[in-house]
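Q: Heads up, the sequence shown is in the numbering used here, so the first residue is 623 and it goes up one at a time. Glycine included, each C-beta is placed from N, C-alpha and C at the ideal position. Bear in mind that the values here come from a model prediction, so they are computed numbers and not experimental data. Structure in C-alpha cells, see below.
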Amino acid sequence: MRCVKLIGLFCTIFFAIFVANGAVAQQTTPDETDTNTPAESRFLSNIRQLTYDGKRAGEGYFSEDGTALIFQSERELDNPFYQIYLLNLLTGDTHRVSTGVGKTTCAFFRPGTDEVLYASTHHDTFAKAKQEEELKFRASGQERRYSWDYDETMDIFSANRDGSNLKQLTDAPGYDAEASYSPDGKRIVFCSLRDAYPKDQLSPKDLKQLEVDPAYFGEIYIMNADGSDQVRLTNAPGYDGGPFFTPDGQHIVWRHFTPDGSQADIYTMRTDGSNILRLTNFKSMSWAPYFHPSGAYVIFASNKLGFSNFELYLVDGRGRHQPVRVTTTDGFDGLPVFSPDGNQLCWTSNRNSQEVSQLYLADWNHQAALEAISLAPRAHNTPIPIFDSRAEDATHAYDASTPTKISIRQRVEFLASDELEGRMTGSEGAKRAADHIATQFTQLNLKPIGDAATYFQEFEFTAGRRIIAEENSFHLTRQMHGSEQVMEFSVERDFQPLSFSRNGVVEGEVVFVGYGLIVPGELGEGYDAYAGLDVKDKIVVALRYVPEGVEPERRQQLNRYAGLRYKAMQAREQGAKAFLVVAGPNSPNAGKLIPLDFDSSLADSGIVAASISDTVANALFAPSGKNLKDVQSGLDVENPHFLGQFPLPGVKVKIVVSVEKVKKTDQNVVALLAPPELTDETEYIIVGAHYDHIGHGEIGSLARKGEEGQIHNGADDNASGTAVVLELATTLSEAYQEHPEKFRRGIIFALWSGEELGLIGSTHFVNDPVVPLEKVAAYMNFDMVGRLRDNKLILQGVGSSSVWTKLIEKRNVPIGFNLTLQEDPYLPTDVTAFYPKEVPVLSFFTGGHEDYNRPTDDPETLNYTGIERIARLAHGIVSDLISADERPEYVRVERSQSEEGSRDTLRAYLGTIPDYTTEGTGVKLSGVRAEGPADKAGLKGGDVIVEFGGQQIANIYDYTYALDAVKIGEPVEVVVLREGKRVKLTVMPEARN
C-alpha cells in the first residue's frame, strides 16, 4: 500500500483520523460538488467527488489514454478488505478486477496493453478465514482503527482488465506491493519487505523491529514485467516505498522514511539505483510523490502544517525550490495522480460530510503550477543522496549476481550485536556466530568439509590461566625484636600469581630492586635497577610502573621497558628465583593486586612471578626499618644520590605458585563449492575472514576512560569481512547454477576463529588442512573492510603472485576504486598462516580508525555501499581464479627497504615469522622472509629459538625484548631446536625502517 509508515499508536491514530470514519470535525460545506477553497482555485477547478459506493475508496491511477481509472475500495459485502476496481470515465461503469478474496492494494495499468497489476493475498490459505473473522468483529458493533498490516502473503499479480489471465509475478516471503509500470510497460518498480525474512536470521534487534514496525524493512525493487530479474535498489535504514517511474522512464521517484518513521521526504534515483537525489527536506511526513507528465515537477502529500492535516504540495523535479502548497482544506488530501495529458488531478480525500476517504477529480492548471514553482524561494538544502558518501555512490548497474548492501548490513548487525558479546574466541557469542555462518552455508547447499562431515573444524586453545587456590601459598619468615616470626598470607587477598608465572616452589632471601628497570643508554639516560646487587638465587621485589615524578618524555622512554613480562624476564636473566611486584603508595592502584588477566602468550616467563599487596610489602620492609613510601618517593624523582635498591635483611620468603592453563575449544567454519568434477587433482581457491573479536576487551582493548569492560562488537573487525565472505558464497553459488562449466576449481569458504589470539584458527587449518595444501592455488582474505573512505581501498600481499596486478586492474575498471597496492604478504592477519606454506595471498583492507578495538566499533559506523563494492571486486577476481587455465604463480617476497626515515627510527630486523599458537619453551617459527637476515643465516620454518644473543628465550616476549637489545650490523648467535637438536647459527640484524 502506498501509505505512510505505521509505527505503533502514532500511525493507528493517523489512519483513524484520515482514512477511516474520522472523529475530527471538518469545516466543509454541505455542497460536496464545490469543495475547494479560494486558495485551491489557483491550481484546481471543477473539483468533484468520483466515488461514493462502499466503506471507502482511494489510490486511483489513470489508464494510458485517460479514459479509465483503476482504484481500490471496500465495497464487497462478504469481504471487508480492499479489492481492485476499474472505473470507465466515459460511461461511469465500474467492475471488479481482483478475485474478491483476500486483501488487495496498489493497482496500475500496463501501457500499450490490456493488462493491469495489483498486489493481493487471495492465494493465502487463510484469506477467507481472515475475512470472516473481520466481518464477525464488525458485526459485533466494534470497529478497528484502520491500519495496514504488511501482510506476509501479499504478492504482486498481473491480469487482464477484466480480471482474467491472472499471473503471479512475485513469490518472495514477505510483503510485495506498491508496484507500478514503466512508461514503456517493460519494467515494474515496487516495494518489498523480503529482506526481513527468514525471521530466524535476523539479529534480536531487527526481530524486535519487525514485530513493532515491519515497514522499516520496506525497500525499492525493480523487475521485468514478467517478474524476472528482481533487483534491489535502495539500501538506507527506514521505509522506502511508493515508487513510480518518471515520465521519461529514466528515473524513479519515491518516498523515504527516517528509521524512526517520524519523517519522510521525496527522492529520485536512476533505475539502476544510482544518482540518488533528495527533493524535499520538509521536516514532516512527505509521501505519495507523482510526476507531472511534463516532468517539470512532482506533486506529493505532507502534514507540514500539523499532524492532523495532510495537504498536497508541489516541488520542482530537482528540488531547487521550496515546496508550494496546493490544497488548503482541513483533513486528509493525499495519493495524488495526474492524468496522462496533465490536465486533470485525481487524489484521495475525506473532504466530504461523511469524512470518509473517496476519490476526487479536478481540472489542473499546469501554467499556474510552473509559475508558482518559479517564484518559490530557493531551497535551503542542496539536493543530496540519502547516504553522505558521494564517492561510494558512483553510478553502476546492478544484477542478480552481485551482492546487495542490505544483506551485508543484516549480517553485520547480527554478528556485531550486543547479544553476541564481542565474539571472544571460545565464548557463547562466538558459537552463535559460528552457528549462524553454518546455517548460511546449509541454505546455499554448500558441501560441509569440516570434522565428521560437518561445517565445523574444531581446535583447542589456551583461553587463560586459573589459580588452583589450595596449591598456592606464601610464607614470610622474619627476624623482629630478636625473635623469629612466621607470617602466612592468603592467595587472591594478599598475593596473586601473575598470568605468565612459572609453576613451582621457591624459597630464598629477598632483595628490593626499586622499579626493576633495565634501560639501555648512556649516563643520565640509561637505568639499571640491578647495578651493584647480587640477586642470584634470591627473590626480588619491584615496584610496578615507572618513577612517578619524571617528565613526560622520560616517562615515555621508561614505559617501553616497564612491562611486567619484561621486568620478570630481567629478574630471571639476573639469576633471581622469583619476581614479586607491588603497586607503591604513590602509584595508581596503590597496594592492589594485579588481576589474573588473559595472557595471549601460550608460554610462561620461566620464573615464578606474583603481585603482592601493600600488607605483604610492609611486612617485608619492617625488619629493615625502612618505609616503602619514603623509598618510592626518593625513586620517583630519580635522585642519583638516593639508594633505592637494597637487600631486605632478616627476611626469607617461601612461595608456592600453581596456575593452570584453561583450555577451551572453538571452531573454524568451512564449506566447499565444488566444481562439476571433483577429483584428487582438483585445485581450490580459499576465500576467508575471521569472525572472532575481543569480547569485553579481555585482550588488546584500546578502550578509553569510561569504556572499560564494555562489549567490543567488532563491526569492522571483523563482522565486515565475515559478511563479505558470506555474500561471496551466495553470489558465487548463484553463478555456479548458471554456468557450472566456468568452475574449474573449487572454492572453500572459510571463517576463522582465534585470529585475535594469534591466528589460531587459520594456523590450525594449514597444519591440519581439509584438502591437500599443495592443491590450494590462492587464499583471499577480508579483514576490516567496512570503513571505505575517499574511495581508497588497500590490497595487500600483491607481491605474492605475479597474477594479482593483472586481475586487480581488470576487475577494478568497472568498480573504480582508488587502490593502494602493497606487495608485503607478511601481515598481522590470517594470510600469514598461508603465505609461508607457498600459497599466494591477497588481503582486502580499508584502513585503521579511531574505533579500532574499542566498544565504539559498531554497525552504524560502517560504509555499506563501500563493502558492497568491495564484494563486487572480489567476486570478479575469484571468478577469474576459478576459471583460469593456470594456477597463480607463487613468488617469494623480499623485504622492501624504505628509503625514508631517520636513524632515530631504525630498529633491528631479522625477518622471522613467529608461530603464535605453539606452546612450550622458546619461539617456534612458521617461516622466514625471503632474503632476510634469518633466511641468510639458515633459519627456517619449524625452528624453535631458545637462545638469542646469550639470552634464554622462553616466549615471544623474551624474543621481542632480546631483539630490541641487539645492534644493527653486529652478528648475534642464535640457538634453535631443529628436529630435537640444538643448532647454533649466526644472524646479522639489519635496519628496520
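1) Below 8 Å between beta carbons: does that hold for A1343 and V1407?
2) L899 by DSSP, collapsed to three states: which one?
3) Any contact between the segment 1164–1179 and the segment 1198–1218? By contact I mean 3 or more CB pairs, one from each, below 8 Å.
4) Leaving aside the five residues before and after V1461 along the sequence, list all residues of the same chain whose C-beta is less than 6 Å from its C-beta, in chain order.
5) At a cut of 8 Å, does the segment 1317–1324 reach the segment 1041–1059 through at least three beta carbon pairs?
6) Going by beta carbon distance, what residues of the same chain come within less than 8 Å of D1010, once the five residues before and after it are set aside?
7) Please report the straight-line C-alpha distance between T1427 and R1509, rounded to a whole angstrom.
8) Considering only C-alpha positions, which residue in the set V1515, N965, F1134 and F879 is nearest to N668?
9) Quick one: what's got a C-beta closer than 6 Å to T570's C-beta in the same chain, skipping five residues either side?
10) Indicate the three-state DSSP secondary structure (helix, strand or coil) for N668 in the structure shown.
11) Under 8 Å Cβ to Cβ from Y912, same chain only, skipping five residues before and after it: list those, please.
12) If you compare alpha carbons, which of I1369, R1100 and F1268 is closest to L1242?
13) Going by DSSP, what residues sit across from M891 in a beta bridge?
14) Would you call V1500 buried or exposed, if buried means 16 or more other Cβ atoms sit within 10 Å of its Cβ?
15) Mapping the DSSP letters down to three states, classify Y564 as helix, strand or coil.
16) With a Cβ-Cβ cutoff of 8 Å, do L1561 and V1550 count as a contact?
17) Note down, in chain order, each residue of its chain lying with its Cβ closer than 6 Å to the Cβ of H1097, except the 5 sequence neighbours on either side.
18) Could you tell me which residues DSSP puts in a beta bridge with K1053?
19) For a quick check, are the C-beta atoms of G860 and T890 less than 8 Å apart?
20) Please classify K808: does DSSP put it in a helix, a strand, or coil?
21) For Y581, name the three-state secondary structure that DSSP assigns.
22) S1105 lies in the alpha helix (DSSP H); which residues open and close that run?
23) Of the residues V946, R942 and R1194, which one's Cα is nearest the Cα of E933?
24) Taking the straight line between their C-alpha atoms, what separation do you get for Y1457 and Q1444?
25) Return the residue from the list Q1179, S906 and N1403 that minimises the CA-CA distance to N931.
26) In whole angstroms, what separates the C-alpha of G714 from that of H744?
27) Mapping DSSP to helix, strand and coil, what is G1498?
28) I need the straight-line Cα distance from A751 to T721, nearest angstrom please.
29) Taking just the CA atoms, how far does G1488 sit from I1308?
30) From the DSSP output, in three-state form, read off T1237 for me.
31) So, for D1057: in the same chain, excluding its five sequence neighbours on each side, which residues have a beta-carbon less than 6 Å away from its beta-carbon?
32) Determine the burial state of G763: buried for a count of at least 16 other Cβ atoms within 10 Å of its Cβ, exposed for fewer.
33) Between Q1178 and the ligand MG, is the CB less than 7 Å from at least one heavy atom?
34) Does the separation of the CB atoms of M1191 and Y1581 fall below 8 Å?
35) What would DSSP say about D1021, mapped onto helix, strand or coil?
36) Since F1033 and A1345 should fall inside the 8 Å C-beta cutoff, what is the C-beta to C-beta distance between them, to a whole number of angstroms?
A: In terms of the structure at hand:
1) In the sequence shown, counting from the first residue as 1, residue 1343 sits at position 721. In the sequence shown, counting from the first residue as 1, residue 1407 sits at position 785. The question names Ala, but residue 1343 in the sequence shown is Gly. Contact flag set, yes.
2) By one-based count along the sequence shown, residue 899 stands at place 277. The answer is strand: DSSP assigns L899 an E or B state.
3) The segment 1164–1179 and the segment 1198–1218 touch, with no fewer than 3 CB-CB distances between them shorter than 8 Å.
4) One-based indexing of the sequence shown puts residue 1461 at position 839. Within the same chain, and ignoring the five residues on either side of V1461 in sequence, the residues whose Cβ sits closer than 6 Å to its Cβ are V1398 and Y1401.
5) With a cut-off of 8 Å, the segment 1041–1059 and the segment 1317–1324 count as touching, because enough Cβ pairs lie within range.
6) One-based indexing of the sequence shown puts residue 1010 at position 388. Confidence at D1010 is low in this model, with a pLDDT of 34, below 50, so the placement of that residue is unreliable and no value is reported for it.
7) In the sequence shown, residue 1427 corresponds to position 805, counting from 1. In the sequence shown, residue 1509 corresponds to position 887, counting from 1. If you take the alpha carbons of T1427 and R1509, they lie about 15 Å apart.
8) Position 46 of the sequence shown, counted from the start, is the residue given in the question as residue 668. Measuring from the Cα of N668, the nearest candidate turns out to be N965.
9) What is shown of the chain runs 623 to 1615, which leaves residue 570 out entirely.
10) Within the sequence shown, numbered from 1, the residue matching residue 668 stands at position 46. Here N668 carries a strand assignment [DSSP, helix/strand/coil].
11) Position 290 of the sequence shown, counted from the first residue, corresponds to residue 912. Answer for Y912: F866, V875, V920, I921, F922, P958, V959 and F960, listed in chain order.
12) Residue 1242 sits at position 620 when you count from the first residue of the sequence shown. Checked all of I1369, R1100 and F1268; the closest Cα to L1242 is R1100.
13) For the purposes of this step, residue 891 is taken as residue 269 along the sequence shown, with counting starting at 1. DSSP, once it has assigned bridges, lists I874 as partnering M891.
14) The residue you call residue 1500 lines up with position 878 of the sequence shown. When all chains shown are included, V1500 counts as buried.
15) Past the edges of the chain, shown from 623 to 1615, lies residue 564, and the structure says nothing about it.
16) For the purposes of this step, residue 1561 is taken as residue 939 along the sequence shown, with counting starting at 1. For the purposes of this step, residue 1550 is taken as residue 928 along the sequence shown, with counting starting at 1. The answer is yes: Cβ separation under 8 Å.
17) Walking along the sequence shown from the start, residue 1097 turns up at place 475. If we look at H1097 and ignore the five residues flanking it on each side, its Cβ neighbours are E1110 and K1276.
18) Position 431 of the sequence shown holds residue 1053. K1053 pairs with nothing; no bridge assigned.
19) Translated into the one-based positions of the sequence shown, residue 860 becomes position 238. Translated into the one-based positions of the sequence shown, residue 890 becomes position 268. At the C-beta level, G860 and T890 stay beyond 8 Å of one another.
20) As a working mapping, residue 808 is identified with position 186 in the sequence shown. It is coil, neither helix nor strand.
21) Since the first residue of the chain shown is 623 and the last is 1615, residue 581 is not available in this structure.
22) Taking the sequence shown and counting its residues from 1, the one referred to as residue 1105 is at position 483. In the DSSP assignment, S1105 falls outside any alpha helix (DSSP H) and within the unbroken beta strand (DSSP E) covering S1105 to F1111.
23) Residue 933 sits at position 311 when you count from the first residue of the sequence shown. Nearest Cα to E933 within the set V946, R942 and R1194: V946.
24) Start at 1 with the first residue of the sequence shown, and residue 1457 comes out as number 835. Start at 1 with the first residue of the sequence shown, and residue 1444 comes out as number 822. Each residue's Cα considered, the two are about 15 Å apart.
25) Position 309 of the sequence shown holds residue 931. Answer by Cα proximity: S906.
26) One-based indexing of the sequence shown puts residue 714 at position 92. One-based indexing of the sequence shown puts residue 744 at position 122. Roughly 27 Å between the two C-alpha positions.
27) For the purposes of this step, residue 1498 is identified with residue 876 of the sequence shown, where counting begins at 1. G1498: helix per DSSP, three-state reduction.
28) What you label residue 751 is simply residue 129 of the sequence shown in a count that begins at 1. What you label residue 721 is simply residue 99 of the sequence shown in a count that begins at 1. CA-to-CA, the gap between A751 and T721 works out to about 15 Å.
29) Locating residue 1308 in the sequence shown gives position 686, counting from the first residue. Locating residue 1488 in the sequence shown gives position 866, counting from the first residue. If I take the Cα positions, the gap works out to 22 Å.
30) As a first step, residue 1237 is located in the sequence shown; it is residue number 615 there, counting from the start. In the displayed model, T1237 falls within a helix according to three-state DSSP.
31) Taking the first residue of the sequence shown as 1, we reach residue 1057 at position 435. Result list for D1057: empty, nothing under 6 Å.
32) In the sequence shown, counting from the first residue as 1, residue 763 sits at position 141. With fewer than 16 other Cβ atoms within 10 Å, it is exposed.
33) Absence of the ligand MG from the depicted structure is noted, as is the absence of any ligand whatsoever, leaving it without description.
34) Within the sequence shown, residue 1191 is the residue found at index 569, counting from 1. Within the sequence shown, residue 1581 is the residue found at index 959, counting from 1. Not in contact: M1191 and Y1581 (Cβ atoms no closer than 8 Å).
35) Within the sequence shown, residue 1021 is the residue found at index 399, counting from 1. Confidence at D1021 is low in this model, with a pLDDT of 35, below 50, so the placement of that residue should be treated as unreliable; the coordinate-derived value is given next. Note: D1021 maps to coil in three-state DSSP.
36) For the purposes of this step, residue 1033 is taken as the residue at position 411 of the sequence shown. For the purposes of this step, residue 1345 is taken as the residue at position 723 of the sequence shown. It is Arg, not Phe, that sits at residue 1033 in the sequence shown. 4 Å between Cβ atoms; contact.
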